[in-house]
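Worksheet for the structure shown next.
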Amino acid sequence: MVGKILRPRLWVLRRWVRESSPAVRAGMLVLLAALVAGGGWLYSKVVSALAIDQVAAVAAGMVPIWLFFLVIAALLGIGDILQRLFLSSDLELLMTAPVPLRTIYLVKLFECTRVLWLPASLVLVFLIALGHGQRAPAAFFPLAVLLVLASTLSVASVMAALVMLLVRIIPPQRLRVWIPAALGVVSVALALGQQSLLQQSVVWENWAVIAQAVLDTGRLAVATVVSCAAALVLALGGYLIFRRAFYYGWSSFAQAAVPRPSAATRRRKGAVRAGVGQVLSPQWRSLLLKEWHSLRRDPRQLINLVITPLIVIGFSVTMLKPEGPLGILMFWNVLFFAVLMGSSAVFHLGVAATVGEGRNVDLLRRLPVRMRTILAAKFWVSWMPAWLAWLPVLAVASLLTELTVLQVSILAGALALALAEVGSVGPAIGALAGDFAVEEETRRMPIPIQLLGILLPGVSVLLTGLSCALVVFTFFPSSELAATTEQALDVLPPVAWVAGGGVLPWLGLILGHAIFLLIVARLWNAGALRMERWEPA
Amino acid sequence: MIQTIGLTKRFGSLVAVGDLNLTVGSGELFGFLGPNGAGKTTTVRMLVGLLQPTAGTAIVAGHDVLQEPLEVKRAVGYLAEVPYLYEKLTGSEFLRFVGGLYGLTDAESDERAERLLGLFDLEEKKDQLVQGYSRGMRQKLGLSAALLHEPQVLLLDEPLAGFDPRSAARAKEVLRELCSRGVTIMMCTHVLEIAERVCDRIGILDQGRLIAVGSMDELRQQAHSAAGATLEEMFLRLTGDGETAEAAAMLGRAD
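Protein chains in written order, with our numbering: chain A, 1 to 537; chain B, 1 to 255.
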């Protein structure tokens, strides 16, 4: 039965492969081969040249990185897991068919593992390369595959159980608002726990023993059996929670009315609306309100909004702890991480806001409002809440790590700039790539758009990093941040010019931002035009 | 075939359906009417197992919806007001998928799908993606999916919405034919003309309470209406036609 429920996905994939152009198919194959075979070959070459204790050293370096990616992937996937467990629209169909609850659970659990496929693939490629490089017996390879599958299932079961427990605990009227906050707190706890695990794993002395044990097929078999048993127990535990939580959570999300605010809140909101009404035209006010309500009543988007800053700061707290030059240099590391993650999140928020219109595009086209105004409303209601969500998190982080006022201000400014730049691209890309004929909310983004979602934040990191550095060197040259950074840049000649002062870096920076904004303007024009002229195929 | 006993559903302080006691016999076409928000869809969703009742229970095709949900689902075909359809599947793929969920083999599903799609003039569109279907075509596909496993009970929420007149006439014939074969149909609709012509009995729900139930003649008695009174007249009287006059007055003021 599980196979029957999942097979439409295969049909869709088969059709996509059949209908996509040979160039796209070839490109995907090359990319996949480069990732799997190339990565495997590289690992294999490294590992085969090493003695077993050196292999252990490599593993000691790799494991924290995997742990990092596994935890990040799982945390960032919490919104996705919530969506798949309680909010996906195919549940109605599955629930009216004579499908046992355990089958629905298995299907949903399988779907929940999707957020872990990438880190799991990385681990698998490494293990296979390790076996190949160290000439492990043939039994090693299927056992390694089973081990990774069992671990993936265990992590997905735990994350799903966590989401279901929270849904069961929180009152239905408050679910949409509290669940993002509750999951945010859990994410920070997990991120901090992972940090501590990561630090211990780097200095752990038993890696050699484990590396040898992994290559000892007998011990690997025992480890695999234990992992599979653990995965089954966790999945079963998840099912028991699912049985108790599913109906409750599903009907709560589907039916819970928006709680009526108190009279005082209504008066306050009325006053705010009246004030806003004097500043904004009725059209702008309506569009912004519509976008805001859509955002705040979508638990998945809210979770993404809240979790990103919490995860970044959760991971960064330990980085920012050291005093002296190292702590100051880590500040740049945190800035890099925050801008990268934050702008990626706001990009996807903007894309989702536009693509999520679906067939409502017809309604928007009938309105006496320019499509650019509609896109602009989506931009404001993606970047502003995303940036505001960072501010309290930055304030708490500054208390925990003793960041200076200058550092916090630079972080806040950098985020405002990067989120605005990358956030402005999201609605336009959504308008250009959205399939508005599709009503269901789980719309897939074309791969080129997903790549843009990686590329643009990367460009933004460069531009924002450069902007912040120039601001520090130009306006706060005597600060500790400027002095320490300048010393650090002295040993990096390719970027030492940033600290050199002068007009040229500023000109380069302004030119960079101008080009970026020019590209954005063109994307907006093209996106607005497509939405204005859009017709279903 | 369908029996509700004190069926109640509350959402917080709102009583969507309150203490509903209703019986629909085998082979009967039962029309379920009521103003918007009266609780019709909530009732149907409880009968099909999509919502858990807050109190009371229901027996569908001899099975308790709470104790034997799978048996109920096997016996029931359900069409939602806005049916969920996989947008990226073709019509025939979707029906094969739904057939699989009800334990049909692909060959059985394909054979029945062919027949049903032909019945609703969809055979030419069966290999097109659902995302390109019109509202009426989606409804027809949803109805085909609900009929695919040859259910004993059909629960239909606004089944003819978006149908063209020819298809609507065909669908009414199909529903009557199914009833003559012993299938029980419970149909929520706002189209009173359809309910009046097609249904054996009609139940009127208002604010979660069943305020009248019976054949057209029985409803006339309950509504103290004249012998030739239409369903619309009785419906307005039972659910408060004062509001209609008020609305007309408001429109008059707006003019």
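We put the beta carbon where it would ideally sit given N, CA and C, even for glycine.
Please check if any C-beta of chain B sits within less than 7 Å of the C-beta of proline 477 of chain A.
Working through the first sequence from its first residue, we reach residue 477 of chain A at position 477. False, the Cβ-Cβ gap to chain B never drops below 7 Å.
Assigned secondary structure, asparagine 333 of chain A (DSSP; H/G/I helix, E/B strand, else coil):
Start at 1 with the first residue of the first sequence, and residue 333 of chain A comes out as number 333. Helix at asparagine 333 of chain A.
Through-space distance from aspartate 217 of chain B to glutamate 196 of chain B, alpha-carbon basis:
Taking the second sequence and counting its residues from 1, one reaches residue 196 of chain B at position 196. Taking the second sequence and counting its residues from 1, one reaches residue 217 of chain B at position 217. Computed Cα separation, rounded: 11 Å.
Per DSSP, which residues does glutamine 222 of chain B bridge with? Please list them.
For the purposes of this step, residue 222 of chain B is taken as the residue at position 222 of the second sequence. Answer by DSSP bridge pairing: none, since glutamine 222 of chain B is not bridged.
Per the DSSP calculation, arginine 201 of chain B is bridged to which residue(s)?
Along the second sequence, read from residue 1 onward, the residue named residue 201 of chain B stands at position 201. In DSSP, arginine 201 of chain B forms a bridge with B:Phe30.
What does valine 99 of chain A touch in chain B if you count any residue whose Cβ is under 7 Å from its own?
Position 99 of the first sequence, counting from 1, holds the residue named residue 99 of chain A. Ordered by position in chain B, the residues that pass the 7 Å Cβ test against valine 99 of chain A are Leu101.
Checking contacts by CB at 7 Å: is serine 316 of chain A closer than that to chain B?
Within the first sequence, residue 316 of chain A is the residue found at index 316, counting from 1. Residue-level contact by beta carbon fails for serine 316 of chain A and chain B, as no gap is shorter than 7 Å.
With a threshold of 8 Å, are at least 3 pairs of Cβ atoms found where one atom belongs to the segment 70-78 of chain B and the other to the segment 22-35 of chain B?
no
Hey, is the segment 472-484 of chain A in contact with the segment 402-412 of chain A, meaning 3+ C-beta pairs nearer than 8 Å?
yes
Hey, would you say glycine 423 of chain A sits closer than 7 Å to valine 306 of chain A, going by beta carbons?
Taking the first sequence and counting its residues from 1, one reaches residue 423 of chain A at position 423. Taking the first sequence and counting its residues from 1, one reaches residue 306 of chain A at position 306. In this structure, valine 306 of chain A does not lie closer than 7 Å to glycine 423 of chain A by Cβ.
Cβ neighbour criterion (16 or more within 10 Å) applied to proline 119 of chain A:
Numbered from its first residue, the first sequence carries residue 119 of chain A at position 119. Flag for proline 119 of chain A reads buried.
Could you tell me the alpha carbon to alpha carbon distance between phenylalanine 32 of chain B and glycine 39 of chain B, rounded to whole angstroms?
Position 32 of the second sequence, counted from the first residue, corresponds to residue 32 of chain B. Position 39 of the second sequence, counted from the first residue, corresponds to residue 39 of chain B. Rounded to whole angstroms, phenylalanine 32 of chain B to glycine 39 of chain B spans 10 Å at the Cα level.
According to DSSP, valine 76 of chain B sits in a beta bridge with which residue or residues?
As a first step, residue 76 of chain B must be located in the second sequence, where it is residue number 76. Looking at the DSSP assignment, valine 76 of chain B forms a beta bridge with B:Val153.
Please check if any C-beta of chain B sits within less than 7 Å of the C-beta of proline 8 of chain A.
Counted from its first residue, the first sequence places residue 8 of chain A at position 8. Yes - at least one Cβ of chain B is within 7 Å of the one on proline 8 of chain A.
Quick check on this structure: which residue in A:Lys378, A:His513, A:Arg219, A:Ala230 has the alpha carbon closest to the alpha carbon of tryptophan 284 of chain A?
Here residue 284 of chain A refers to the residue found at position 284 of the first sequence. Of A:Lys378, A:His513, A:Arg219, A:Ala230, the residue nearest in Cα terms is A:Lys378.
Could you give the first and the last residue of the continuous alpha helix (DSSP H) run that contains valine 98 of chain B?
Numbered from its first residue, the second sequence carries residue 98 of chain B at position 98. That run of the alpha helix (DSSP H) goes 91-101.
For glycine 142 of chain B, collect the residues of the same chain with a Cβ closer than 8 Å to its Cβ; drop the 5 residues on either side in sequence, then sort them by chain order.
On the second sequence, position 142 is the one that residue 142 of chain B refers to. Excluding positions up to five away in sequence, the list reads Leu79, Ala80, Pro83, Leu85.
With which residues is alanine 212 of chain B paired in a DSSP beta bridge?
The sequence position of residue 212 of chain B within the second sequence is 212, counting from 1. Paired residue(s): B:Ile204.
Under 8 Å, with one C-beta from each stretch per pair, do the segment 107-127 of chain A and the segment 67-87 of chain A reach the 3-pair mark?
With three or more CB-CB distances shorter than 8 Å, the segment 107-127 of chain A counts as touching the segment 67-87 of chain A.
Interface partners of valine 48 of chain B on chain A, CB under 9 Å
On the second sequence, residue 48 of chain B is found 48 positions in, with the first residue counted as 1. Correct list: Met95, Thr96.
Keeping to the same chain, check which residues put their C-beta closer than 8 Å to that of leucine 192 of chain B; ignore five residues upstream and five downstream.
One-based indexing of the second sequence puts residue 192 of chain B at position 192. Counting only Cβ-Cβ distances below 8 Å, and skipping sequence neighbours, we find Leu33, Thr230, Leu231, Glu232, Phe235.
Tell me, please, whether the CB atom of valine 12 of chain A is closer than 7 Å to any CB atom in chain B?
Within the first sequence, numbered from 1, the residue matching residue 12 of chain A stands at position 12. At least one chain B Cβ lies under 7 Å of valine 12 of chain A.
Using DSSP bridges, identify the partner residues of glutamine 3 of chain B.
Counting from 1 along the second sequence, the entry for residue 3 of chain B is found at position 3. According to DSSP, which records beta bridges pairwise, glutamine 3 of chain B is partnered with B:Thr23, B:Ile59.
Opposing strand residues paired with aspartate 64 of chain B [DSSP bridges]
Sequence index remark: in the second sequence, residue 64 of chain B carries index 64 (1-based). Aspartate 64 of chain B pairs with B:Ile59.
Collapsed DSSP secondary structure at threonine 442 of chain A in the structure displayed:
Here the question's residue 442 of chain A lines up with position 442 in the first sequence. Because the pLDDT of threonine 442 of chain A is 48, which lies under 50, any placement of that residue in the model is unreliable, and the question is left without a value.
Are leucine 574 of chain A and serine 151 of chain A touching if we call contact CB-CB under 7 Å?
With chain A covering 1 to 537 only, the question about residue 574 of chain A has no answer from this structure.
The beta strand (DSSP E) enclosing threonine 54 of chain B, as first and last residue numbers:
Within the second sequence, residue 54 of chain B is the residue found at index 54, counting from 1. Counting along the chain, threonine 54 of chain B falls outside any beta strand (DSSP E), and DSSP gives it neither H nor E.
With DSSP as the reference, please indicate the residues paired to leucine 14 of chain B in a beta bridge.
As a working note, residue 14 of chain B is residue 14 in the second sequence. Bridge partners of leucine 14 of chain B: B:Phe11.
Please classify arginine 166 of chain B: is it buried, with 16 or more other beta-carbons within 10 angstroms of its beta-carbon, or exposed?
Your numbering for residue 166 of chain B matches position 166 in the second sequence. Within 10 angstroms of the beta-carbon of arginine 166 of chain B lie fewer than 16 other beta-carbons, which makes it exposed.
From alanine 129 of chain A to phenylalanine 315 of chain A, what distance separates their C-alpha atoms?
Within the first sequence, numbered from 1, the residue matching residue 129 of chain A stands at position 129. Within the first sequence, numbered from 1, the residue matching residue 315 of chain A stands at position 315. One C-alpha to the other measures close to 30 Å.
Contact between the segment 411-418 of chain A and the segment 455-470 of chain A is defined here as three or more beta-carbon pairs at a separation below 8 Å; is this criterion met?
yes
Per DSSP, what kind of secondary structure is threonine 184 of chain B in: helix, strand or coil?
Taking the second sequence and counting its residues from 1, one reaches residue 184 of chain B at position 184. Looking at threonine 184 of chain B - three-state DSSP - the assignment turns out to be strand.
Is it buried or exposed, alanine 254 of chain B, if we count other Cβ atoms within 10 angstroms and call 16 or more buried?
If you number the second sequence from 1, residue 254 of chain B lands on position 254. Confidence at alanine 254 of chain B is low in this model, with a pLDDT of 45, below 50, so the placement of that residue should be treated as unreliable; the coordinate-derived value is given next. With fewer than 16 Cβ atoms within 10 Å of its Cβ, alanine 254 of chain B is classed as exposed.
If the criterion is Cβ atoms closer than 7 Å, does the pair proline 8 of chain A and leucine 89 of chain B meet it?
For the purposes of this step, residue 8 of chain A is taken as residue 8 along the first sequence, with counting starting at 1. For the purposes of this step, residue 89 of chain B is taken as residue 89 along the second sequence, with counting starting at 1. Result yes, Cβ atoms of proline 8 of chain A and leucine 89 of chain B sit closer than 7 Å.
Does the CB of tyrosine 105 of chain A have a neighbour CB from chain B at under 7 Å?
Here residue 105 of chain A corresponds to residue number 105 of the first sequence, with the count starting at 1. Interface annotation, tyrosine 105 of chain A: not in contact with chain B, CB-CB separation never under 7 Å.
Where does glutamine 139 of chain B land, buried or exposed, given buried means 16+ other C-beta within 10 angstroms?
By 1-based counting over the second sequence, the position of residue 139 of chain B is 139. Its Cβ being crowded by 16 or more others within 10 Å, glutamine 139 of chain B is buried.
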